[in-house]
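Residue numbering for the sequence shown follows the working numbering, starting at 79 and increasing by one per position.
Using N, Cα and C, we set each Cβ at its ideal position, and we do this for glycine too.
No experiment lies behind these values; they were computed from the predicted model shown.
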Amino acid sequence: MSDRKGSTESDIAAARAQTESIRERLAARRQKRNNLIAAATQNALPLKNPDASAVAALLASGKLSKTLVSLTTPLASKSVTDASSSLKRTDLEHEQTTAPRLDSLKFSDSSRTCVPDVMNVAVKEENYVSSNEPPLKAPKVDPGADSADLEILLSAVTAKERELKRVNEEIHTLLSTPTVMEKILNKKFQSRGGSQVQLFCIHGTRVECQQGTGNKECKKLHFRKIIQSHTDESLGDCSFLNTCFHVDTCKYVHYEIDPADLTTAEAREAAGAYNRGQLRPDSLDRGKSDLALEKAVSATTSVPLYPPQWIKCDIRQFDMTILGKFAVIMADPPWDIHMELPYGTMSDDEMRKMDIPCLQDDGYIFLWVTGRAMELGRECLKLWGYERVDEVIWVKTNQLQRLIRTGRTGHWLNHGKEHCLVGVKGSPRCMNRGLDCDVVVSEVRETSRKPDEIYGLIERLSPGTRKLELFGRPHNLQANWITLGNQLDGTYLVDPEVVERYRRRYPTGIDNKDDAS
79 MSDRKGSTES DIAAARAQTE SIRERLAARR QKRNNLIAAA TQNALPLKNP
129 DASAVAALLA SGKLSKTLVS LTTPLASKSV TDASSSLKRT DLEHEQTTAP
179 RLDSLKFSDS SRTCVPDVMN VAVKEENYVS SNEPPLKAPK VDPGADSADL
229 EILLSAVTAK ERELKRVNEE IHTLLSTPTV MEKILNKKFQ SRGGSQVQLF
279 CIHGTRVECQ QGTGNKECKK LHFRKIIQSH TDESLGDCSF LNTCFHVDTC
329 KYVHYEIDPA DLTTAEAREA AGAYNRGQLR PDSLDRGKSD LALEKAVSAT
379 TSVPLYPPQW IKCDIRQFDM TILGKFAVIM ADPPWDIHME LPYGTMSDDE
429 MRKMDIPCLQ DDGYIFLWVT GRAMELGREC LKLWGYERVD EVIWVKTNQL
479 QRLIRTGRTG HWLNHGKEHC LVGVKGSPRC MNRGLDCDVV VSEVRETSRK
529 PDEIYGLIER LSPGTRKLEL FGRPHNLQAN WITLGNQLDG TYLVDPEVVE
579 RYRRRYPTGI DNKDDAS
C-alpha cells in the first residue's frame with residue numbers, strides 16, 4: 079500500500095514540474111512579445127499603409143522578430159498601444175486559466191490512483207495558446223503579381239522539354255558537322271592563294287568616303303565621276319551606268335574606278351575592263367581557257383578533258399546525236415517573251431520539240447528562264463524527261479554594287495533578277511551536293527550575258543565531266559565544254575569521237591547562211 083502511495087505522489091510531482099515548465103515558457107513568450115511591442119512603438123521606420131492591428135498581430139506572432147516597425151500617426155500609435163494592452167490581458171487570463179489544478183486531474187480507472195493526464199494537459203495548453211492568439215490579418219494579394227507568377231510558372235521549361243532540347247541540339251550538331259569527305263571537297267575547291275578580289279567602299283566616291291568616315295584612311299576601291307561637257311549633274315546617275323548604250327551623248331552622271339586606288343598593272347587592266355562593262359580584261363579572257371583546262375586536268379576523273387570546243391549552227395536543225403552524252407547541260411534559250419529584243423527568238427513549239435533527251439541519260443540541266451518563260455521552262459523540263467529539283471536566282475547589281483532598279487525587261491515591274499531552273503534526269507553519279515547556295519549576286523553586262531559564277535557552280539557540282547552549253551556566244555567558251563550557237567566563229571572540235579561523227583554526218587560542213595535562231 080505504501081508503495082502505491084509513493085508512486086502516486088511521484089506522478090503528481092512530475093505533473094507539477096511539467097506544468098511549471100509550461101508556465102515558464104509562456105512567461106518567456108509574453109516577455110518577448112512585450113519587448114517587440116515596446117520596440118515597435120519607438121521605431122522610426124514608417125509604413126506606407128499603417129495598420130495597427132496587423133502590426134500587432136505580426137509582432138505577437140513573432141514574425142517581425144528582427145524588423146522594427148513604427149507607425150507615423152498618433153491614432154495608429156494609440157491603436158498599437160491598445161492592441162498591446164489587450165495582448166497583455168489575454169496572456170494574464172491565459173495564465174490563470176491554463177494553470178492545472180490537482181482537483182481537476184484525471185485518474186486512472188485501472189489503478190484507482192490520482193494520476194494526472196499529463197499529455198492531455200500539455201495539449202490543451204498548446205491549443206489554448208494558439209486559439210487565444212489574435213488572428214493574423216490576411217495580406218492583400220496583388221493581382222499583377224499573381225499574373226506574373228502564373229506566367230513564370232507556365233513558361234518554365236519542364237524536364238521533358240529540356241531533355242528534348244538537348245537531344246535536338248545533339249542531332250543538329252551531328253548533322254551540321256562536316257564529314258571528312260566534305261572537308262576534303264571544300265579544301266579542294268578553295269581559291270589558291272586566298273581571295274584575289276578587292277572590295278569596293280560602301281560610300282562610293284572618295285569624297286563621300288572622307289565625309290562619312292571623318293577623313294580616315296580607306297584602302298578599298300572608290301569610284302570617280304565622269305563629268306563631260308554634256309553632263310548635267312543635276313539629273314543624277316545614269317540608270318544603266320557602264321552598260322549605257324549612249325555614253326558619248328548621255329547627260330546623266332557615269333562613273334569609273336578611281337585610278338588612285340590602282341597600284342599594279344594587273345589592277346589597272348582589270349579596272350579598265352570593268353569601266354567598259356566587263357568583269358575581266360581581254361587578256362584574261364584569252365588565257366582563261368588554258369588556265370581552266372590546266373586546273374580541270376588535275377581533277378581525278380577517267381573522262382578525257384579537252385580545251386573549249388564549239389560549233390556554229392542552227393540548234394533547231396542540228397543533229398545533236400553526234401555529240402554523245404553529257405553530265406551537265408546548260409541552256410539560255412532566246413525565249414519569245416513578247417518584247418523587242420536585239421536577237422531572234424524561238425516559238426514555244428520550237429522549244430518543246432528540241433531534241434534534248436538524246437543528250438543525257440543521267441545528269442543535270444540548267445535552264446535559264448525569264449518573264450512568261452518561267453512556266454514554259456518548267457513544262458519543257460517535264461517534256462524532256464527531267465524533274466525540277468532546284469532553282470538558282472541571279473540577283474543583278476550595277477556598277478556601283480547596287481540592286482538594279484531600272485531594267486530593260488519586265489511588263490509590270492522592272493526585273494532585278496533572273497531564274498535558272500535546275501532539273502535532274504536518271505541517277506547522276508559523282509555529284510558534289512551542298513557546296514554552293516542557290517543565289518548568285520553579280521553585275522549585269524552585255525544583253526543576255528549570264529554571270530560567270532554559274533560555271534564555277536556547275537564545275538564544283540560535277541567536276542571533270544563532259545558539259546554542253548546551248549545558245550552560247552564567244553564569251554561562253556569554257557574548257558571541257560562544247561558550245562553550240564549561231565553567233566560563234568565557225569567550228570572547232572578536238573574530241574576524236576565527236577570529230578569522227580561530225581565529219582560522217584556533215585562531210586561538207588554546216589550551211590549557216592539560213593540560220594535565224
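Below 8 Å on the Cβ atoms is my guess for residue i versus residue j; work out the distance and round it to an integer in Å.
i, j, result
"Pro552", "Leu566", "6 Å"
"Thr448", "His493", "7 Å"
"Asp573", "Tyr384", "6 Å"
"Gly501", "Tyr580", "Not really, about 27 Å apart at Cβ, beyond 8 Å."
"Ile305", "Phe444", "Between Phe444 and Ile305 the Cβ distance is about 42 Å, and since that is not below 8 Å, they are no contact."
"Leu550", "Gly534", "A small fix is needed here, since residue 550 is Gly in this sequence, not Leu. Wrong, their Cβ atoms sit about 17 Å apart, outside the cutoff."
"Thr283", "Lys303", "7 Å"
"Gln438", "Phe404", "6 Å"
"Thr321", "Arg523", "7 Å"
"Leu459", "Leu499", "6 Å"
"Asp440", "Pro337", "At roughly 51 Å, the Cβ-Cβ gap does not stay under 8 Å, so Asp440 and Pro337 are not in contact."
"Leu546", "Ile532", "Not quite, the Cβ-Cβ distance comes to about 14 Å (not below 8 Å), so this is no contact."
Buried or exposed: where does residue i fall if 16 or more other Cβ atoms within 10 Å of its Cβ makes it buried?
i, result
"Val406", "buried"
"Ser88", "exposed"
"Ser208", "Note that Ser208 scores a pLDDT of 46, beneath 50, so its modelled location is shaky; the value from the coordinates is reported in the next line. Ser208 should be labelled exposed."
"Asp339", "buried"
"Thr399", "exposed"
"Asp410", "buried"
"Leu180", "At Leu180 the pLDDT is 39, less than 50, meaning the model places this residue with poor confidence and gives no usable figure here."
"Leu299", "buried"
"Met259", "exposed"
"Lys329", "exposed"
"Gln477", "buried"
"His332", "buried"
"Asn554", "buried"
"Arg544", "buried"
"Phe323", "exposed"
"Leu232", "exposed"
Just how far apart, CA to CA, sit residue i and residue j?
i, j, result
"Gly512", "Arg538", "10 Å"
"Gln556", "Gly290", "43 Å"
"Glu453", "Asp426", "11 Å"
"Val576", "Leu401", "6 Å"
"Gly463", "Lys503", "7 Å"
"Cys515", "Glu496", "15 Å"
"Leu253", "Lys243", "15 Å"
"Gln96", "Ala117", "32 Å"
"Arg483", "Glu465", "33 Å"
"Asn112", "Leu104", "12 Å"
"Leu601", "Ile393", "Residue 601 lies beyond the range of the chain shown here (79 to 595); nothing can be said about it."
"Ser312", "Thr327", "16 Å"
"Ile262", "Asp414", "44 Å"
"Lys474", "Ser540", "25 Å"
"Val325", "Thr309", "10 Å"
"Gly542", "Pro382", "8 Å"
"Leu228", "Glu239", "19 Å"
"Thr569", "Gln387", "8 Å"
"Leu114", "Ile90", "36 Å"
"Ser526", "Val285", "34 Å"
"Ile471", "Glu521", "13 Å"
"Cys391", "Arg450", "26 Å"
"Ile389", "Val518", "28 Å"
"Val245", "Met509", "31 Å"
"Gln288", "His281", "9 Å"
"Glu428", "Ile434", "12 Å"
"Gly587", "Glu578", "12 Å"
With which residues is residue i paired in a DSSP beta bridge?
i, result
"His332", "Ile304"
"Leu104", "Note: Leu104 sits in no beta bridge, so no partner."
"Val500", "Phe444, Asp468"
"Thr475", "Leu481, Glu521"
"Leu242", "Leu242 pairs with nothing; no bridge assigned."
"Leu299", "Phe278"
"Thr283", "Phe301"
"Asp89", "Answer by DSSP bridge pairing: none, since Asp89 is not bridged."
"Lys495", "Val473"
"Asp315", "Val331"
Could you name each continuous alpha helix (DSSP H) segment of 4 residues or more that falls completely within the stretch 378-450, going from the start of the chain to the end? 426-430
In chain order, what are the residue ranges of uninterrupted beta strand (DSSP E) at least 3 long that sit wholly in the stretch 515-591? 517-521, 545-548, 559-563
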